[in-house]
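Those sequence lines, one after another, are chains A and B. Read the first sequence against my numbering and you will find it ends at 1015, with the numbers running on by one and no gaps. Read the second sequence against my numbering and you will find it ends at 1452, with the numbers running on by one and no gaps. Quick reminder that beta carbons are idealized off the backbone N, C-alpha and C, glycines included. Worksheet: one structure, shown below.
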Amino acid sequence: MKNILLIFLISISVAQVNPVNALHDNTPRVFVLENGKIITKPGKVIDSGKIVIRNGIIEAVGKKVSVPADAYKIDISGKTVYPGFIESYWKRENNKPSSMDLGKEKKKNKSHPVTNHWNERVQPEYRLIDDFQPKEKELETLRSLGFTTAQIVPDKGIFRGRSSLIHLGNWGPESVIAENGPAQIMAFEQGSWRDKGYPNSLMGTIALIRQTFYDAQWNNNAWTFYNRNRDKTESPDLDRALETLSAVVKSNLPFCFETGQELAALRVQKIAEEFDLNFWLKGSGYEYRRLNEIKEMNTFVIVPLNYPKTPDVDSWEDALDFDLEQLRHWDQAPDNTARMVNAGIDIALTSSDLKDRKQFHINLLRSIERGLSKDDALAALTTIPAAKLGLSNLGKVDKGYIANLVITDGDYFQKDSKVTEVWIQGKQYVIKDEPVHDVSGKWDMTLSGGLNLNATLELTQKNNKFSGKLVVDSTEIKLKDVENETHRLAFTFPGKDLNLEGVVRLSGTLQNKFITGSGVAPDGSEIKWTAHWTNTIESKDANEKEESKKESPSELIPLFPEGAYGFAKPPSQTKKILVKNATIWTCGSEGILENTDMFIRNGILEKIGKNINVSGNDVYMIDASGKHITPGLIDAHNHSAAFAINEGTQSVTAEVRIYDVLNSDDIAIYRQLAGGLTVANILHGSANAIGGQNAVIKLRWGQTPEGILFKEAPQGIKFALGENVKQSNWGDDYTTRYPQTRMGVEQIIRDAFAAATDYAEALGLDGFEKKSNQGNLPVRKDLELDALVEIMQGKRLVHCHSYRQDEILMLTRIAEDYGFTIGTFQHVLEGYKVADRIAEHGAGASTFTDWWSYKFEVIDAIPYNGTIMNEVGVVTSFNSDSNELARRMNTEAAKAVKYGGASQEEALKFVTINPAKQLGIDQYVGSLEKGKNGDFVIWSDNPLSSYTQCEQTWIEGTQYFSKERDAEMRNRIADERNMLIQKILTSDDKDGGKPMKPNGDSNSYFYSCSEGGDQ
Amino acid sequence: MKRFIFAITFIGFLFASDQIPAPRQAHPILLKDATIHTVSGPTLTKGEILFSDGKIIEIGQRIARLPDNTEIISLFGKHVYPGMIAANTVLGLVEVNAVRATRDFAEVGAVNPNVRAEVSYNPDSELIPVTRSNGVAIVLSVPQSGLISGTSAAMMLDGWTWEDATLKMPVGMHIRWPRMTVSHSPWIRKSPEEQKKERDQQLKELDEILDKARAYAQSIASENTPTQKMDLKWQSMVSVVNGELPVFIHANGVQQIEAAVEWTARQGLKLVLVGGRDAWMVADILKNNDIPVIIEATHKLPARRWADYDTPFKTPLKLYEAGVKFCISANGGSFQAPHQRNLPYEAATAAAYGLPKDEALKSVTLYPAEILGIADRVGSLEVGKDATLFICDGDPLEVMTQVEQLYIQGRKVDMSDRHKMLRDKYTEKYRQLGLIE
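Spelled out as structure tokens, the structure:
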């Protein structure tokens, strides 16, 4: 903070090093602004006061301030003065294109300083200020909104670099407040799915962030170590990024993360906790959706005012493509700031994220109409960012503060007010040149000479442009080409209505409220005229119109998640549940029990049997006569509920985690609940041999990403073999990445475990013999190797995508060589050919029921696969690998009866207890037995029947789905859509600054990758 | 041994099925003591059905007089159903979708009215026995791609050659309706403006195609223009412009459906709608114009995030209630060709969500036969129709039901398939190892 101040003081002092060009400029820089209304800080008003400015600093402010003799007086009566606004997040392109901007070809030739980080998206050492060349026009735009100071932030990369603080006056060395600004800028950026460079998924981005923080710590340690052992050890590589980062973390400088939607804020928090970072958020405008969570972070949020454009719902067909979530966002977005402030979150406002920055003022006024108080708005533009960004002598109009001021022709926070000028470092910047004489109003006019008559001249002004008419008796003649220059007024009008053929030209000189002029009639004869001002023109209608269009806050309350099927309040646990007279498929040793009762207390199954009676009016009774009850279904291979699935850029990406990118708002969760699914294993994709870490979730719809996690489930990881890993079906562009054969796949995996073994031995990790690391640099913590070591330690289950028998066999051998057991083979469509080996190894098998022949490696897939493996002794489950199939796992289970003749009881286990065993969660779920989680499904009929319907789905005694509530929600959705569409149709067409693209037939919540993945 | 050969020389032998096409029905067959689900008429418990020379001769509670040398098959507890019809597939036109060499369903170019599905139907495809062993007897093989994809053919899933297998050709001229709305999907590289332009061009092209085809039809009909040369494309469109061959328009979005209805009405064409995801939204238009719908799959996700989770499950019910003629197909995509055996379960899900069960059964038997114009031959058990039927141990719409025997035109189809053979082979492995009995 002190640094900033110091630099600042130097920067505004007139003392310059530069040689003087021509003569010395010693114009006095002492001003007094008089008679203006002064808002010195939020909530503090001086109705008419003076501000004395001396050499860029406010010398005095107040009602009664003595005017220094050397001051130049400026009358600002009728104007309002505010402290200069702070643009807290001016994101601007680097003037120098970075290597990331360049096309593939150019990129190759781009020189990358050898001491830069290996990943071009990691450049914490970068400072935008070093390339910063603002255009005067950009500065003008910001000034016209009242901004006088800004934090400038770089716009590319993940570790984007350091922000800087500048004044927004004419660009020069004195504009710079601090080159090393208050924050390190971060963003969850990644390449598109087509990019071959790491990372190309949000998962990879987060893994890279985490690894880089660890690397910074290591880099520091390594250098310390080296400096002590220079005679024995080789030096670590120079890495400017890690060096900078380590210093930044030590200094506790905030990391300001850009977020694209509200769940991103939650991701930031997790990273910040892991590395004990001081963090800020650059918000998205969606914060209102997770207000409590963001409030609890107790952090500073820089919020954009990017409201969606009014959607086009003119026809019912068009309206179909707008999701309810989008319509609700349209209605609620302008309330975001007020809701944040009311929740007690510290916010600053930014005009970034707006295509047209001018929209900022319009949107701000909308937020004010919707309940953001003017004081809070002002604070978000002045005192709060000043305090957070360390601008200790900015943000107020006060003695000793820098003379950064905004002067407006009315209340900035009301319609039709404009910034007329700003002062920056004691220098005036006029925004709107006001005419010396405001000619608007009614004038009595007398003409003689070439035209002889009396008339009324009516002039109006809009945006500094004048228009008007001439009223002669009752005839109104519209004026053309009205010009109002400093001292004169000129206009023309057609002579037709006065029976003159041609155009009359008049001009005159203004003196106070009087004009003396001359002109030329169409025939060339001279006209003399005078006019004197009589009256203003009333515009009463306009006011009334304005009044009626005033916005009010949205009546919607946030849903969890937002949009269709969200809950106003997430469902809570029913403490005591008694199910009566059901046919219960226990999937345990008791088999299928008819006319049976089940009692669940505090989410745990307490009792199952005939005639259970529990009294008390707090017991929730379910009469299940004629119904079937099964355990909640479990899908051991699912890809819903995640913002990213594949980090396919490298053959080994064990460091990436689905956990980091869980999307608890994915509608797939709700739809799968409606099919009786309660647990899903969310797996990384199969693009690489060793993929990322999976996450087992419970389908707790309405909760946060953290809230849907099945916390007790063992950790796991995805492996993959065969065609996908070899990129066999990706086209001709993908023929060079290692491996391209099953031979290479085996070697990649062996190599990874060999490296992990060396790593574990160097560190002496659990289960490994410690080997000396003497003379070497400290071992670098490697998230990728950590995951592999955990596999060998038996702490991480491998779920391996596999098809052919040769590769299945191969992997069991590698696993045995490295002393671990594969958790599951996934798909494992030729598992029936080596079921004995799988059983002997001890792996589970999670297979498709009947998919085959869609690619070459599955031509031998058969639907009997599951039952054969099961019979030979492999714990076998059926999986979906599909958001759609995951909705009807019960009828998938029936295929074990059809293909292979399993009993119905046994068949259901393929989607209940068997996957539970595979995921290591069978002590909690998978069967209805005493002590297990109260996860159950009520079916209308035999669960294996094609005609059955899932009626209710419960997780730990909490009802997450019921047909009854679904029906209520449908009504609510229909009503709400109708209400919102009517509201849209009757509202003004508002730009809002952010286009609203119809979600169309996308099921995804956030439409584009960029929003889902933040970038 | 055959497996071994296949493994080393797959190019030549891979797709030679091991099932032998059935010979012509040699003698009359009587199925008795079974529940006969005629579909078009009453269901007879413990009924009898007699067929000879591939045709159904008599159905009744008890058939009094049997021809000489009638084979009598008693089926206590069993059920007899007409063979199911998969009305939207690429079966026979693809083996392994990811292997380009086996893809024969999508010709290059946007306008291919002249290509015919039946000629590239591979009767030895391994997919065929797998499909028919679950009671699917007939499929519509449909060309894909472009704007006008070509003509489809109704194929019987048994035969030595494609000519043997063809039940009817052409069945329809398949048109893939342009996307009417702009997609903002990140996967689509074209800008909204480009998309609109492309759509408008395609719509214009459709009109132009019809104009040209009509000009050609007039030209060859006219005696004054003996010099008109053969144009395969327009020649294949003559029956379309004459209103004889229906156009099967693949359209899902409501805007597409509305536009397709308007276009066919304006052009005077016979329309069958395929896909029909949003058809229920404009059911009255479809009803008023007598437009049948081949509903492509109930096993799919709702198209919009805010839609009811069971929207696809209930689409058949909604069309049924509105009085629209419809049938149900499975997903017609080329990756789904191997999975057509699951057709009955698509219908079952519609029944689970409200469609009467008998309607669900009709939606994969009689209704597709009617919509494809083959109801005089198949789709129900009626005297005079083909003896294309199957025997099973329960409701075929239930997954757990086993299909035991299929007859196509009275020919007893080999019920083995690649899956059963591989099952038997590897069951033998575990028997040898003593792991199973």
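Return yes when the Cβ of residue j is within less than 9 Å of the Cβ of residue i, no when it is not.
| i | j | result |
| --- | --- | --- |
| Ser-1237 (chain B) | Pro-1128 (chain B) | no |
| Thr-141 (chain A) | His-167 (chain A) | no |
| Gln-918 (chain A) | Val-872 (chain A) | no |
| Tyr-412 (chain A) | Tyr-82 (chain A) | yes |
| Lys-135 (chain A) | Asp-991 (chain A) | no |
| Ala-624 (chain A) | Ala-582 (chain A) | yes |
| Thr-1313 (chain B) | Tyr-1096 (chain B) | no |
| Ala-654 (chain A) | Gln-693 (chain A) | yes |
| Val-397 (chain A) | Lys-41 (chain A) | yes |
What are the start and end residues of the alpha helix (DSSP H) that includes residue i?
| i | result |
| --- | --- |
| Gly-920 (chain A) | Where Gly-920 (chain A) is concerned, there is no enclosing alpha helix (DSSP H), given that its DSSP letter is neither H nor E. |
| Ile-206 (chain A) | 202 to 228 |
| Ala-1244 (chain B) | Checking the displayed sequence, the identity of residue 1244 (chain B) turns out to be Lys instead of Ala. Lys-1244 (chain B) -> no alpha helix (DSSP H), and no H or E assigned at all. |
| Met-1170 (chain B) | Met-1170 (chain B) -> not in any alpha helix (DSSP H); beta strand (DSSP E) instead, spanning 1168 to 1171. |
Does any C-beta atom of chain A lie closer than 9 Å to the C-beta of residue i?
| i | result |
| --- | --- |
| His-1094 (chain B) | no |
| Asp-1293 (chain B) | yes |
| Leu-1437 (chain B) | yes |
| Pro-1201 (chain B) | yes |
| Glu-1122 (chain B) | no |
| His-1434 (chain B) | yes |
| Gln-1270 (chain B) | yes |
Rounded to a whole number of angstroms, what is the C-alpha to C-alpha distance between residue i and residue j?
| i | j | result |
| --- | --- | --- |
| Phe-826 (chain A) | Pro-739 (chain A) | The question names Phe, but residue 826 (chain A) is Gln in the sequence shown. Each residue's alpha carbon lies about 20 Å from the other. |
| Met-889 (chain A) | Leu-677 (chain A) | 8 Å |
| Lys-1440 (chain B) | Pro-1038 (chain B) | 27 Å |
| Glu-769 (chain A) | Gln-793 (chain A) | 13 Å |
| Asp-782 (chain A) | Asp-215 (chain A) | 8 Å |
| Ser-440 (chain A) | Pro-254 (chain A) | 52 Å |
| Gly-993 (chain A) | Gln-184 (chain A) | 27 Å |
| Thr-475 (chain A) | Ser-525 (chain A) | 23 Å |
| Tyr-960 (chain A) | Lys-1047 (chain B) | 50 Å |
| Gly-161 (chain A) | Asp-331 (chain A) | 36 Å |
| Val-911 (chain A) | Gly-866 (chain A) | 12 Å |
| Lys-37 (chain A) | Asp-376 (chain A) | 19 Å |
| Pro-1041 (chain A) | Gln-133 (chain A) | Coverage of chain A is limited to positions 1 through 1015, which leaves residue 1041 (chain A) absent and any answer about it impossible. |
| Phe-31 (chain A) | Asn-55 (chain A) | 9 Å |
| Ala-668 (chain A) | Ile-717 (chain A) | 22 Å |
| Arg-1433 (chain B) | Asp-817 (chain A) | 36 Å |
Within the continuous beta strand (DSSP E) that includes residue i, where are the two ends?
| i | result |
| --- | --- |
| Ala-582 (chain A) | 576 to 585 |
| Ala-927 (chain A) | Here residue 927 (chain A) is Ser; the residue named in the question, Ala, does not match the sequence. Neither: Ser-927 (chain A) is in no beta strand (DSSP E) and is coded neither H nor E. |
| Leu-453 (chain A) | 453 to 462 |
| Lys-469 (chain A) | 465 to 472 |
| Pro-83 (chain A) | 80 to 83 |
At least one CB of chain B closer than 9 Å to the CB of residue i: is that the case?
| i | result |
| --- | --- |
| Trp-852 (chain A) | yes |
| Leu-266 (chain A) | no |
| Asn-883 (chain A) | yes |
| Ala-720 (chain A) | no |
| Thr-891 (chain A) | yes |
| Leu-593 (chain A) | no |
Task: Stretch-stretch touch, CB-based, cutoff 8 Å, three pairs: the stretch 1319 to 1338 of chain B with the stretch 1078 to 1098 of chain B - done: At 8 Å Cβ cutoff, the stretches do not touch.
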